[in-house]
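Colleague: Position 71 of the first sequence, counting from 1, maps to 71 under the numbering used here, and the rest follow consecutively.
There's a structure below that I have some questions on.
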Amino acid sequence: MIREVVLDFETASFVDLTESGAARYSEDASTEILCLNFQVNRTGPIYSWRPTYQDEDYRETVAHRILADLVVDPDVIFIAHSAGFEKAIWRNIMVPVYGFAPIPGRRWHDTMAVAAMKAMPLDLDLLSRVLGLDVTKDMEGSSFTKKLSRPNRRGELDRSKPSLERVYDYCSVDIRSQTAVHARLGWLPPMERDIWLLDQRINERGVRLDLGYIRAAKSVVDRASEPLGHEFHRITGIPKFTQVQKLREWCAAEGVIVPDLQKETLARILNVDIDGDLEDDDDPFSYRPTLPDHVRRALYIRQLVGSASIKKLDRMQSCVSLDGRARGLLQYHGAGPGRWTGRLLQPQNFPRGTLKVDGEAPDPELLVNAIMTGDPDVVEMLFGPPVEAVVSGLRHTIVADQGRVLLSGDYAGIQARVVLALAGQWDKLGLMAAGADVYIDMACEIFKMERPVGKEAISRWKHEHMRERQSGKNSVLGLGFQMGWWKFQLKYAQAEAEAFCRRVVETYRKEWAPEVPKLWAALERAAVETVWTGRPHEAYGLEYRLEDGWLTATTPSGSKIWYYNPKPTRKAMPWSTEEEPDIRAAWTYQVKKQGRWITVDAYGGLLTENYVMRIETDIMAEAMFRLEREGMPLVLTVHDEALTEPLIARADEAMMKQVMADSRLARQLKIPLQIDTWAGDRYKK
DNA sequence: GTACTCTGCGCC
DNA sequence: AAACGGCGCAGAGTAC
């Protein structure tokens with residue numbers, strides 16, 4: 001019979017767990033176990049295993065004998081909340097220090113993974129509260145235990161007997177929470193369990209970081225920003241250029257109103273063309289007359305060195321394992337519809353490089369070699385502003401191991417392809433499948449222009465009508481999920497008039513992809529019907545049903561999207577008035593947003609986006625299994641991109657394309673896939 | 001001090 | 001006639 005063991009370590013260390021992650025934490029020499037609490041089959045007694053006792057050898061205790069037996073029994077499954085932590089402590093301390101047998105990956109279960117799959121909060125306290133589980137938390141005991149796990153003010157770990165006794169007293173509380181959560185949430189279904197097991201292999205494999213390069217990059221940044229920081233302080237009186245509000249207030253006092261300090265805003269104000277397609281180039285001098293030189297200089301410094309991304313360098317140093325690989329960078333199902341999210345150094349939001357050498361991104365090795373000198377002057381001479389150069393080279397910190405290469409593949413424009421395929425907009429998909437530039441197609445539709453024919457004409461058009469193409473691209477990518485003209489203007493076209501934005505949105509909905517709004521409406525209707533009647537409803541291959549406190553949407557691949565606590569509501573439409581009210585049936589659900597558990601309105605565009613993201617993730621996960629089988633072990637996934645680290649002999653871009661293209665689900669849904677690949681020693685975009 | 005929220009900013 | 005995409009992290013600011 002399968003037995004379940006819920007377990008929870010309390011530990012102490014000089015290493016900061018949130019800063020460094022479980023892998024680095026567990027292998028640090030200062031990390032020690034205070035106790036391990038565990039409970040068998042939900043109702044049994046809670047045992048506490050400890051490495052030290054008053055009078056007896058820990059090996060002689062009942063807890064130890066029971067635990068040792070459980071570990072070697074292949075029918076026992078170990079359950080933890082955020083199991084990556086318990087697994088790491090087990091692997092790096094329990095086995096080597098206390099002589100327990102290793103526990104293979106297949107014998108672990110993670111209650112956090114189930115919470116993630118069902119779109120619930122991951123944090124155990126909030127999760128218990130939201131689920132209404134009646135576990136009273138001993139707040140004092142909890143904060144005391146937390147305090148004891150870190151060095152005190154004098155820089156020591158407190159090991160006094162009364163303190164430890166207090167921790168032991170408190171410990172069973174988390175076990176009760178975990179057991180209750182497990183009883184409520186249950187197991188992962190087989191398909192999801194396979195994905196989670198894959199996730200664990202990827203997280204434990206980690207990704208190699210070039211520590212020498214990281215050190216050099218930090219040196220470049222430090223040496224370049226120091227004089228600039230002083231100058232900034234002199235000009236503005238603000239000690240740090242990270243103080244956004246103060247800087248804005250200072251600018252205002254100097255007579256310059258700055259709406260925000262975002263990259264693009266700053267570029268516009270300073271009139272620096274960052275991407276070669278500055279949106280507001282009608283009047284390039286609009287800001288100049290009102291911008292005093294010292295304000296310009298202060299903002300310029302902020303632009304030069306204000307990038308927050310370089311903090312990734314510090315994070316890399318603190319979370320890299322002793323063997324030079326960073327682990328635990330991905331959270332399984334971190335986003336509602338199944339996507340992985342990034343952790344620690346957040347490998348999913350590396351800035352895209354802005355450096356250009358002869359109009360192209362520089363060769364990673366050349367850039368790295370320059371930065372390796374640690375000398376900002378060398379970098380400046382070869383590539384331009386040193387901090388910008390380091391930011392552009394941040395991705396290159398990720399490298400392949402000896403004898404291996406990085407091999408990356410990404411699904412080009414997959415979001416647009418999936419939404420068009422689900423909606424049945426086959427004409428546009430046909431264009432995409434034939435390799436046409438649909439952004440140009442949409443632009444021609446918006447601006448009523450003649451479509452260019454022939455390779456040369458297209459290339460010329462692209463060059464001559466860059467702005468029109470950008471509008472086309474934004475529309476194709478952004479308007480598939482019911483974005484209105486207001487948001488479109490805010491996000492992509494602040495320089496354009498309302499009428500223009502209205503026309504773009506109208507063109508997308510009425511002319512370019514008229515099937516897509518039908519998809520929004522159908523999903524909305526099916527979901528509302530399900531929530532209001534309690535009976536399942538299907539639309540466009542997606543089946544909504546109520547399931548034990550959630551509304552689920554089952555996709556054609558059998559995967560599900562979960563919405564917690566769906567409630568029927570009535571909602572006034574935006575155009576509803578007193579005289580002509582338009583109140584319709586709708587529904588809400590609950591979700592964690594910006595750390596808070598809130599109620600949100602469901603609407604067709606959102607349901608469509610969730611559906612599309614789920615399908616994308618399914619296609620990606622499917623491909624990841626095949627890549628692993630073909631000798632291309634995954635190290636990262638960035639939503640539509642798979643980064644693998646095969647042996648040099650197995651690194652074959654054509655093979656990768658083929659493996660990623662070979663998707664049962666894409667065939668079933670008639671989604672034409674296009675895969676772009678590259679191989680190299682360093683990560684890049 | 002610690003916990004939390006808000007803003008900014010990076011990605012898909 | 002038509003709306004609110006998904007994330008994580010750093011730092012500042014605020015509340016206790």
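Glycine is no exception: its CB is placed at the ideal position from the N, C-alpha and C atoms.
All figures in this text were calculated on a predicted structure; none of them were measured in a lab.
If you reduce the DSSP assignment to three classes, tell me which class Ile-583 lands in.
Modeller: Against the first sequence, residue 583 aligns to sequence position 583. Reduced to three states, the DSSP call for Ile-583 is strand.
Colleague: What distance in whole Å lies between the Cβ atoms of Leu-148 and Ser-172, which are believed to be in contact at a cut-off of 8 Å?
Modeller: Taking the first sequence and counting its residues from 1, one reaches residue 172 at position 172. Taking the first sequence and counting its residues from 1, one reaches residue 148 at position 148. Between Ser-172 and Leu-148 the beta-carbon gap is near 16 Å, outside 8 Å, which marks them as no contact.
Colleague: To which residues of the same chain is Lys-684 closer than 6 Å at the C-beta, ignoring the five residues directly before and after it?
Modeller: On the first sequence, position 684 is the one that residue 684 refers to. So the list reads Pro-364, Arg-395, once near-sequence residues are dropped.
Colleague: Apart from the five residues on each side of it in sequence, which residues of its chain come closer than 7 Å, Cβ to Cβ, to Leu-345?
Modeller: Against the first sequence, residue 345 aligns to sequence position 345. Taken in chain order, the residues that qualify are Lys-312, Arg-315, Met-316, Cys-319, Ala-326, Leu-329.
Colleague: Using a Cβ-Cβ cut-off of 7 Å (strictly less than) and excluding sequence neighbours within five positions of Arg-417, which residues of its own chain qualify?
Modeller: Locating residue 417 in the first sequence gives position 417, counting from the first residue. Here the set comprises Leu-429, Met-432, Ile-671, Pro-672.
Colleague: With the cut-off set at 8 Å, would you say Gly-605 and Gln-482 are in Cβ contact?
Modeller: Residue 605 sits at position 605 when you count from the first residue of the first sequence. Residue 482 sits at position 482 when you count from the first residue of the first sequence. Judged by their CB atoms, Gly-605 and Gln-482 are nearer to each other than the 8 Å cut-off.
Colleague: Let's test the definition: count the other Cβ atoms within 10 Å of the Cβ of Ile-2 and tell me whether it reaches 16, buried, or not, exposed.
Modeller: Here residue 2 refers to the residue found at position 2 when the first sequence is read from its first residue. So Ile-2 ends up on the exposed side.
Colleague: Where does Arg-451 fall in DSSP's three states?
Modeller: On the first sequence, position 451 is the one that residue 451 refers to. Looking at Arg-451 - three-state DSSP - the assignment turns out to be coil, as it is neither helix nor strand.
Colleague: Could you tell me which uninterrupted alpha helix (DSSP H) segments, each at least 4 residues in length, are contained entirely in the segment 222-266, listed from first to last along the chain?
Modeller: 244-253
Colleague: Have a look at Val-438 and Ser-471 and give me their C-alpha separation to the nearest angstrom.
Modeller: What you label residue 438 is simply residue 438 of the first sequence in a count that begins at 1. What you label residue 471 is simply residue 471 of the first sequence in a count that begins at 1. Between the alpha carbons of Val-438 and Ser-471 lies a distance of about 12 Å.
Colleague: Counting beta carbon pairs with one atom in the segment 536-547 and one in the segment 86-106, are three or more of them shorter than 8 Å?
Modeller: no
Colleague: Give the C-beta separation of Glu-686 and Gly-424 to the nearest angstrom, bearing in mind that I take them to be a contact with Cβ-Cβ under 8 Å.
Modeller: Residue 686 falls outside the range modelled here, since the chain spans only 1 to 685, and no answer is possible.
Colleague: Tell me, please, whether the segment 368-384 touches the segment 623-638 by the rule of three or more beta-carbon pairs shorter than 8 Å.
Modeller: no
Colleague: Among Ala-499, Trp-520, Val-5, Thr-52, which residue has its Cα nearest to the Cα of Ala-83?
Modeller: As a position in the first sequence, residue 83 is number 83, starting the count at 1. If we check each option's Cα against that of Ala-83, Val-5 comes out closest.
Colleague: Within the segment 339-408, note down every full alpha helix (DSSP H) run reaching 4 residues or more, in order along the chain.
Modeller: 364-372, 376-383, 386-392
Colleague: Quick one: grab the DSSP three-state call for Ser-160.
Modeller: Against the first sequence, residue 160 aligns to sequence position 160. Note: Ser-160 maps to coil in three-state DSSP.
Colleague: From Val-399 to Asp-681, what does the alpha carbon distance come to, in whole angstroms?
Modeller: Your numbering for residue 399 matches position 399 in the first sequence. Your numbering for residue 681 matches position 681 in the first sequence. Cα to Cα, the separation comes out at about 6 Å.
Colleague: How is the alpha helix (DSSP H) around Gln-303 delimited, first residue to last?
Modeller: By 1-based counting over the first sequence, the position of residue 303 is 303. Segment 293-305, the alpha helix (DSSP H) holding Gln-303.
Colleague: Taking only the alpha-carbon atoms, compute the straight-line gap between Ala-621 and Met-94 and give it to the nearest angstrom.
Modeller: Within the first sequence, residue 621 is the residue found at index 621, counting from 1. Within the first sequence, residue 94 is the residue found at index 94, counting from 1. Each residue's alpha carbon lies about 32 Å from the other.
Colleague: Considering only the beta carbon of each residue, do Thr-617 and Thr-599 sit closer than 8 Å?
Modeller: For this step, residue 617 is matched to residue 617 along the first sequence. For this step, residue 599 is matched to residue 599 along the first sequence. Result no, Cβ atoms of Thr-617 and Thr-599 do not sit closer than 8 Å.
Colleague: Excluding the five sequence neighbours on either side, which residues of its own chain have a C-beta within less than 6 Å of the C-beta of Leu-669, listed in chain order?
Modeller: The sequence position of residue 669 within the first sequence is 669, counting from 1. Closer than 6 Å at the Cβ level, and outside the excluded window around Leu-669, lie Ala-421.
Colleague: Strictly by DSSP, which residues pair up with Gln-331?
Modeller: Here residue 331 is taken as the residue at index 331 of the first sequence, counted from 1. For Gln-331, DSSP records a beta bridge to Thr-341.
Colleague: Cα-Cα, which of Arg-302, Arg-404, Ser-219, Lys-567 is closest to Val-390?
Modeller: Translated into positions along the first sequence, residue 390 becomes position 390. With distances taken between Cα atoms, Val-390 lies closest to Ser-219.
Colleague: Would Ala-12 pass as a contact of Leu-34 if the rule is Cβ separation under 8 Å?
Modeller: Position 12 of the first sequence, counted from the start, is the residue given in the question as residue 12. Position 34 of the first sequence, counted from the start, is the residue given in the question as residue 34. Yes; because the gap between Cβ atoms is below 8 Å, this pair is in contact.
Colleague: Just how far apart, CA to CA, sit Ala-553 and Gln-243?
Modeller: Walking along the first sequence from the start, residue 553 turns up at place 553. Walking along the first sequence from the start, residue 243 turns up at place 243. Between Ala-553 and Gln-243, the C-alpha separation is close to 44 Å.
Colleague: Going by DSSP, which residues form a beta bridge with Lys-428?
Modeller: Numbered from its first residue, the first sequence carries residue 428 at position 428. Answer is none; Lys-428 lacks a bridge partner.
Colleague: Please determine, among Gly-393, Glu-468, Ser-408, Ile-414, the residue with the shortest C-alpha to C-alpha distance to Met-655.
Modeller: Against the first sequence, residue 655 aligns to sequence position 655. Among Gly-393, Glu-468, Ser-408, Ile-414, the Cα nearest to that of Met-655 is on Ser-408.
Colleague: Any idea which residues DSSP pairs Val-5 with across the strands?
Modeller: For the purposes of this step, residue 5 is taken as the residue at position 5 of the first sequence. According to DSSP, which records beta bridges pairwise, Val-5 is partnered with Val-40, Phe-78.
Colleague: Mind reading off the beta-carbon distance from His-537 to Ala-526? Whole number of angstroms is fine, and I expect it under 8 Å.
Modeller: Counted from its first residue, the first sequence places residue 537 at position 537. Counted from its first residue, the first sequence places residue 526 at position 526. That belief holds up - the Cβ atoms of His-537 and Ala-526 are roughly 4 Å apart, short of 8 Å.
Colleague: For Thr-608, does the count of other Cβ atoms within 10 angstroms reach 16, so buried, or fall short, so exposed?
Modeller: Your numbering for residue 608 matches position 608 in the first sequence. By the neighbour-count rule (16 or more Cβ atoms within 10 Å), Thr-608 is buried.
Colleague: Per DSSP, Gln-590 is paired with what?
Modeller: Counting from one through the first sequence, the residue named residue 590 turns up at place 590. For Gln-590, which the question treats as bridged, DSSP gives the partners Tyr-564, Thr-599.
Colleague: Which value, in whole angstroms, describes the spacing of the CA atoms of Pro-347 and Ser-30?
Modeller: Position 347 of the first sequence holds residue 347. Position 30 of the first sequence holds residue 30. About 27 Å.
Colleague: Between which residues of its own chain and Glu-32 is the CB-CB distance below 6 Å, once the five residues before and five after are set aside?
Modeller: Walking along the first sequence from the start, residue 32 turns up at place 32. In chain order, Ala-12 place their CB closer than 6 Å to the CB of Glu-32, counting only its own chain and leaving out the 5 sequence neighbours on each side.
Colleague: On a CA-only basis, which of Phe-350, Asn-349, Ile-301, Leu-367 is nearest Val-357? Give me that one, please.
Modeller: What you label residue 357 is simply residue 357 of the first sequence in a count that begins at 1. Checking every option, the nearest Cα to that of Val-357 belongs to Leu-367.
Colleague: Please state if the CB of Gly-334 and the CB of Leu-689 are separated by a distance shorter than 8 Å.
Modeller: Only positions 1 to 685 of the chain appear in the structure, and residue 689 is not among them; the question remains open.
Colleague: List the residues that DSSP assigns as beta-bridge partners of Ser-48.
Modeller: On the first sequence, residue 48 is found 48 positions in, with the first residue counted as 1. Asn-37.
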